[in-house]
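To keep things clear, I will list the structure first and then write my remarks on it.
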Amino acid sequence: MRHQLPDVKIDQFEGPYDLLIELAKQEKVKLSEVSLSSLTQSFIAYMEQAKIPAEIVASFVIVASTLLLIKARQVLPKLTPEEDEEVNDFEERIALYQKYRDAAEVLGLQWNTRPLLSAHFFAEGEYNVPTQDAPMPIISATLLADAMRACIGKIPPPPQVRAHLTPRGRSLRELLTLFQERLSRTTTVVFQETMRRATPQEQAVSFLAVLEMARNQEITLEQQEAFGTLTLHKL
Amino acid sequence: MNTLAQQLQALLFTAGEAVSYRDLCELTHASDEQLAAAIDELRSSLSTTGLALITTATHTQLVTSPDVAEFLAQFSTTDENELSKAALETLSLIAYRGPITRIDIDVLRGVDSRRMVRQLLLRGLIRQLKIAGQASQYEITEEFLAHIGMTNKEELPNFSELSSHEGLTRLLDRT
Numbered sequence: 001m002r003h004q005l006p007d008v009k010i011d012q013f014e015g016p017y018d019l020l021i022e023l024a025k026q027e028k029v030k031l032s033e034v035s036l037s038s039l040t041q042s043f044i045a046y047m048e049q050a051k052i053p054a055e056i057v058a059s060f061v062i063v064a065s066t067l068l069l070i071k072a073r074q075v076l077p078k079l080t081p082e083e084d085e086e087v088n089d090f091e092e093r094i095a096l097y098q099k100y101r102d103a104a105e106v107l108g109l110q111w112n113t114r115p116l117l118s119a120h121f122f123a124e125g126e127y128n129v130p131t132q133d134a135p136m137p138i139i140s141a142t143l144l145a146d147a148m149r150a151c152i153g154k155i156p157p158p159p160q161v162r163a164h165l166t167p168r169g170r171s172l173r174e175l176l177t178l179f180q181e182r183l184s185r186t187t188t189v190v191f192q193e194t195m196r197r198a199t200p201q202e203q204a205v206s207f208l209a210v211l212e213m214a215r216n217q218e219i220t221l222e223q224q225e226a227f228g229t230l231t232l233h234k235l
Numbered sequence: 001m002n003t004l005a006q007q008l009q010a011l012l013f014t015a016g017e018a019v020s021y022r023d024l025c026e027l028t029h030a031s032d033e034q035l036a037a038a039i040d041e042l043r044s045s046l047s048t049t050g051l052a053l054i055t056t057a058t059h060t061q062l063v064t065s066p067d068v069a070e071f072l073a074q075f076s077t078t079d080e081n082e083l084s085k086a087a088l089e090t091l092s093l094i095a096y097r098g099p100i101t102r103i104d105i106d107v108l109r110g111v112d113s114r115r116m117v118r119q120l121l122l123r124g125l126i127r128q129l130k131i132a133g134q135a136s137q138y139e140i141t142e143e144f145l146a147h148i149g150m151t152n153k154e155e156l157p158n159f160s161e162l163s164s165h166e167g168l169t170r171l172l173d174r175t
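Quick look at the structure:
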């Protein structure tokens, strides 16, 4: 008859003693020489079916062999003194292990429930030593390029030119006075000659001034052809 | 006038983390015995305050007192990383019997504990004490005590029984 696999889950690093105690708990027996032998079958069945990592399987084999020795002792009570010692030693180990196992359980319950805190525990920006739990962030050329593009996208466009400041030229009145002054000293003035260094704007305003003077009958204007020399004659 | 205990308190306050006895002796020009006396003095003078001293085999640290731990626990978010059963088992052996060699841990647990020990070292819960020409020993850190809410490993449940268990001593002496 195939023994059913005990419903015991053993972590990779929880050893054979742990398995033995779990089995005893499940079969509701106290750990003693008699009960240990009764657990032999379950233990070996578990070993056969569970995938125990190769690196720790030896420790399970040692325990299994000791359990078999205990079982044998009940059938053939005559053992050598060394074998007797081995069985006693084993029982002692299991009992001792159980004490620490219990203590560990108490620590587990208390773990992190009321921690004592170091200075600046609540301070912001506390320096944390990087641990293995902090994996290297994923960085790729594409991600960097995207981030760079995003940064560039945030740069505001250069401001649009709204208005030009230009030097204000002489006014119509000023230019009018200028021509009147010239004509007070001479009888004729050639318009083009007065405009050699003038800006287009000033030329236009000057022309208006000249037309104004003509309208006021201060001068007469003479021009032989279109775009030809314009001469001012004082009246 | 300032006493060694006062200097010690100031150093531990400004350090904000565990400081080794060796460093403290060097910084205060005190002998090992003077330092031990000053630590006792500081510990008793802190007993009516919200602070306490954690002491291990090699280090000491100024922390909040166990009396206010419950009060403070409401403000601190607890570490999500729980310890596995095997890790706790290894840790309790080191706490009760440390400084202890890895071979002795293996004997007591009946299984290879190498990876467990490495994991605990990485989490800063134990430290390795290297002794020339001998197998390394392992001892709990202040961080372990802080997590468990104790200032001293003697406060562990059944400490005297489990730390000097007769059968255990016999077992370890044999190996």
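Residue numbers (this note's numbering), protein chains in the order written: chain V, 1 to 235; chain L, 1 to 175. We put the CB at the ideal spot given by N, CA and C, even for glycine.
Inset, instruction - Determine the extent of the beta strand (DSSP E) in which H29(L) is found, giving its start and end residues. - result: Taken as a continuous stretch (DSSP letters only), H29(L) belongs to no beta strand (DSSP E), as it is neither H nor E.
Inset, instruction - Examine chain L for any beta-carbon lying closer than 8 Å to the beta-carbon of T113(V), and answer yes or no. - result: yes
Legend entry - Rounded straight-line distance, which links the Cα of S65(V) to that of I44(V): 10 Å
Inset, instruction - Within the stretch 153-213 of chain V, note down every full beta strand (DSSP E) run reaching 3 residues or more, in order along the chain. - result: DSSP runs (the beta strand (DSSP E)) wholly in the stretch 153-213 of chain V: 188-190.
Inset, instruction - Count the CB pairs spanning the stretch 61-71 of chain L and the stretch 84-93 of chain V that are closer than 8 Å, and state whether there are at least three. - result: no
Legend entry - For T231(V), the residue or residues it bridges with in DSSP: T231(V) is bridged to V190(V), E222(V).
Inset, instruction - Mind listing the chain L neighbours of Q110(V)? Cutoff is C-beta to C-beta under 8 Å, in chain order. - result: I148, G149
Inset, instruction - Look at the alpha carbon of L42(L) and the alpha carbon of Q6(L), and state the distance between them as a whole number of angstroms. - result: 8 Å
Inset, instruction - Name, in chain order, the residues that DSSP records as bridge partners for R127(L). - result: Beta bridge pairing from DSSP links R127(L) with E139(L).
Inset, instruction - Assess, as a yes-or-no matter, whether the stretch 141-150 of chain V is touched by the stretch 84-92 of chain L under the definition of 3 or more beta carbon pairs within less than 8 Å. - result: no
Inset, instruction - Reducing DSSP to helix, strand and coil, say where S45(L) ends up. - result: helix
Inset, instruction - Would you please verify whether the beta carbon of I54(L) is less than 8 Å from any beta carbon of chain V? - result: yes
Legend entry - Contact between the stretch 100-115 of chain L and the stretch 28-41 of chain L (3+ Cβ pairs under 8 Å): Counting Cβ pairs under 8 Å, fewer than three are found: no touch.
Inset, instruction - State the CB to CB distance for the pair L125(L) and T141(L), rounded to an integer number of angstroms; the pair is presumed to be in contact (CB under 8 Å). - result: So it is a contact: roughly 6 Å between Cβ atoms.
Inset, instruction - Would you tell me roughly how many angstroms separate the C-alpha atoms of Q223(V) and T187(V), rounded to the nearest one? - result: When only Cα atoms are considered, Q223(V) and T187(V) end up about 16 Å apart.
Inset, instruction - Output the boundary residues of the alpha helix (DSSP H) element that contains I105(L). - result: 102-109
Legend entry - Three-state secondary structure (DSSP) of S113(L): Shown here, S113(L) sits in coil according to DSSP, grouped into three states, outside any helix or strand.
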